[in-house]
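Enquirer: Dropping the structure in here first, questions after.
Numbering (this note's numbering), first residue to last: 306 to 458.
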């Protein structure tokens with residue numbers, strides 16, 4: 306495995322209010338309408354997983370593939386994501402994460418065959434699309450499973 310490709314929302318960033326069923330992009334757009342908006346009042350980074358990824362960043366290339374534009378519209382996030390070589394936004398690139406061709410395109414842009422990339426996402430449909438494109442896929446449920454699987458590679 307030469308690269309790890311992570312989803313962002315509900316994998317690397319979580320809402321503080323876990324009962325809110327809107328996407329994180331929807332929540333961010335809603336909350337950011339207030340002049341008093343502070344991103345980290347409403348969201349929290351998955352620091353445990355980010356710390357693990359920081360430890361392995363010299364052994365495997367790290368990337369993010371997110372559906373929305375929250376990262377690019379929230380500069381306060383970018384300082385926490387410097388270990389990632391590139392961040393892909395499906396919205397900005399007109400790519401649908403449910404379409405296997407999106408993963409084929411991302412793999413080509415990374416410069417690796419899809420089978421050398423592990424994609425981690427909280428959406429089973431997105432993981433299935435990545436697998437159909439030839440990537441290894443992992444449905445994110447918790448940090449322990451991801452850390453265990455990546456440590457074995």
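Every residue gets a Cβ at the ideal spot worked out from N, C-alpha and C, and that includes glycine.
Below 8 Å on the Cβ atoms is my guess for residue 427 versus residue 408; work out the distance and round it to an integer in Å.
Expert: About 16 Å; that fails the 8 Å criterion.
Enquirer: Count Cβ pairs between the region 374 to 389 and the region 400 to 416 that sit closer than 8 Å; are there 3 or more?
Expert: As far as the Cβ criterion goes, the region 374 to 389 does not touch the region 400 to 416, which means the pair count is below three.
Enquirer: Indicate the three-state DSSP secondary structure (helix, strand or coil) for residue 320 in the structure shown.
Expert: Residue 320: strand per DSSP, three-state reduction.
Enquirer: Within the chosen definition, does the region 366 to 373 reach the region 387 to 396 through at least 3 CB pairs nearer than 8 Å?
Expert: With a cut-off of 8 Å, the region 387 to 396 and the region 366 to 373 count as touching, because enough Cβ pairs lie within range.
Enquirer: Rounded to a whole number of angstroms, what is the C-alpha to C-alpha distance between residue 350 and residue 356?
Expert: Their backbone Cα atoms lie some 11 Å apart in a straight line.
Enquirer: Among 308, 382, 327, whose alpha-carbon lies nearest the alpha-carbon of residue 358?
Expert: It is 308 whose Cα lies nearest to the Cα of residue 358.
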